[in-house]
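Let me begin by presenting the structure, written as structure tokens, before commenting on it.
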Amino acid sequence: MKLSLRSLESFREIMRMGSVTAAATSLGLSQPAVSRLLAQLEQELGFRIFDREKGRLIPTPQAVMLFEEVDLAFVGLDRIAMLATNMQQLDAGYLRVVAVPSFAEGPLVGIVASFMESRPKVQLLLDSRSRPSIINLVSTRAVDCGFGKLPIEHPGIRVRPLVIANTVCAVPGAHALAGRKSLCAGDLAGEPLIMIGQGGDTRNRIEEAFREAQVRPSIRLETHHVGAACAFAGAGVGIALVSDLLARQYVGGGIALVPFRPKIPQEYVFMTPAGAQQTALTDAFYAHCRKSMSTRSR
5 MKLSLRSLES FREIMRMGSV TAAATSLGLS QPAVSRLLAQ LEQELGFRIF DREKGRLIPT
65 PQAVMLFEEV DLAFVGLDRI AMLATNMQQL DAGYLRVVAV PSFAEGPLVG IVASFMESRP
125 KVQLLLDSRS RPSIINLVST RAVDCGFGKL PIEHPGIRVR PLVIANTVCA VPGAHALAGR
185 KSLCAGDLAG EPLIMIGQGG DTRNRIEEAF REAQVRPSIR LETHHVGAAC AFAGAGVGIA
245 LVSDLLARQY VGGGIALVPF RPKIPQEYVF MTPAGAQQTA LTDAFYAHCR KSMSTRSR
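FYI, in this note's numbering the residues of the sequence shown are 5 to 302.
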């Protein structure tokens, strides 16, 4: 069965708008033209999709079922058109981005704002997810790009460098250690600590620093979010060991950021689906992010 795309589009608009007249206006066609397209579709299908009652069209159960599939198909066509726009233009299009909440609410705010200011026709969807969800969304091409931290070993993901941050201690502002130039594991002996990302690479390196100093960390609270760790540090629960890149936004919340020694770098990267041709808009966004972050880290 070969169905006319134009007749399916007319059917979709009738279902969405509720009448032939409204559908015709939406499509920029005459009412008789839309009626002809509807009649053509019913002939192609071989069954009636609307009942006529006193000049009104009443969708049949078959019409309701058909509409769900037709609408999904046209959403897919819209995405194709959007992708084509993104591939052709740098100053317009639609970009789907994903990052962990502390990254989306922190360094990305100014970066995204300046990117969109320079490209007023760009639309951007910014989603906040956990690290495993981000990896899944990027590798399955459900988003255009995402932000993460090394190590990332996934065959479906391509990584490009962004910025290297340092590990710092988020110390309650009134604490005696808040004024120090740096802190090591020995300085934190007996201090209640707030730790992030149990089992992660950065957490393992922090624990290794404590083992080398022969200090047993007194872990008071565990979390997976930098924002939560800094909030609890500001409330006096303990000292949090966090990324300075993500913790800077919380300095006004009653904490001081003191460098941890020895240095434990945390490398952030820009992720895109492996094996997929990147759009010009995605590449422009990466270039903007890298330039903005390198400027901030100086």
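Ideal Cβ positions, reconstructed from N, Cα and C, are used throughout, including at glycine.
{"Asked": "Do ALA235 and GLY257 have their C-beta atoms closer together than 8 angstroms?", "Found": "yes"}
{"Asked": "What does DSSP give as the partner residue(s) for VAL101 in the beta ladder?", "Found": "LEU130, CYS149"}
{"Asked": "Name the DSSP bridge partner or partners of SER247?", "Found": "THR171"}
{"Asked": "According to DSSP, is GLU195 part of a helix, a strand, or is it coil?", "Found": "coil"}
{"Asked": "Would you mind working out which of GLN202, LEU192, SER106, LYS153 sits nearest LEU130, comparing C-alpha positions?", "Found": "SER106"}
{"Asked": "Kindly indicate which residue of ASN140, PRO136, ASP148 has the alpha-carbon position closest to the one of LEU285.", "Found": "ASP148"}
{"Asked": "Going by the CB atoms, is the gap between SER132 and ALA108 shorter than 8 angstroms?", "Found": "yes"}
{"Asked": "Answer yes or no: do THR171 and ILE268 have a C-beta to C-beta separation smaller than 8 angstroms?", "Found": "yes"}
{"Asked": "Alpha carbon to alpha carbon, how far is SER134 from ARG207? Give it in angstroms, no decimals.", "Found": "17 angstroms"}
{"Asked": "With DSSP collapsed to three states, give me the class of ARG184.", "Found": "coil"}
{"Asked": "Can you tell me which of GLU195, ILE168, ALA169 puts its alpha carbon nearest to the alpha carbon of HIS179?", "Found": "GLU195"}
{"Asked": "Report the residue ranges of all alpha helix (DSSP H) runs contained in full by the region 205 to 293; include only those spanning at least 4 residues, in chain order.", "Found": "205 to 216, 230 to 238, 248 to 251"}
{"Asked": "Counting Cβ pairs, one atom from each stretch, are 3 or more of them under 8 angstroms apart for the region 278 to 297 and the region 204 to 218?", "Found": "no"}
{"Asked": "Please report the distance separating the alpha-carbon of LEU261 from that of VAL255.", "Found": "7 angstroms"}
{"Asked": "Give the C-beta separation of PRO176 and ALA182 to the nearest angstrom, bearing in mind that I take them to be a contact with Cβ-Cβ under 8 angstroms.", "Found": "7 angstroms"}
{"Asked": "Taking the straight line between their C-alpha atoms, what separation do you get for ILE18 and SER39?", "Found": "10 angstroms"}
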